Amino acid sequence: MTMKRGCLAIITENNKILLVKRANPPERHCWGLPGGSLLQEELPSDAVVRETSEETGLKVKALISYFPFKEKFHNKNDVLSYEFILYPIKCEIESGFLKANDDAIDLGWFSLDDLPSQRVKNLDWLLTVIL
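In the UniProt record's numbering, the protein residues as written are 1 to 131.
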């Protein structure tokens, strides 16, 4: 089993949160926080800036790092394929223009009361704990 490290950008504005619709596995076509895998030797705060720019076109500043948590992903036969240690990081927008790129096929601002129905697992739990 492979252990990977990833980051998640928590970006809020006007009481809404920015979500991206994932183009690739895991959880393809589900809505979730911008983010992705850390490069070797990369800090989570640097990765979240890079990944957010790649997926959304926005330049962000990492503000607050929250507790990391483990996420397990299984293959179609329900066999554990790999685990991620994910680092959620509160970010603020510095510049840029919102545009879906890279691993994101769509993006949008959502109120917590009106999240898309097809969303990544644990999004509700994570938002409840952090926000």
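Yeah, the Cβ is synthetic: ideal placement off N, Cα and C, and Gly gets one too. Because the structure is a prediction, the values reported are computed rather than measured.
| For V20, which three-state DSSP category applies? | strand
| For D106, the first and last residue of its enclosing beta strand (DSSP E) | 104-110
| L131 to E41 span [Cα, whole Å] | 29 Å
| message | Distance check for I89 and A104, CA to CA, integer angstroms please. | response | 18 Å
| Segments of 4+ residues assigned as alpha helix (DSSP H) that fall wholly inside the UniProt domain "Nudix hydrolase" (2-131) | 44-56, 123-130
| said: Using only CA atoms, which one of A9, L8, I17, A47 lies nearest to D114? | reply: I17
| Mind checking whether K73 and Y82 have CB atoms under 7 Å apart? | Position check: residue 73 holds Phe in this sequence, whereas Lys was assumed. For F73 and Y82, yes; Cβs fall inside 7 Å.
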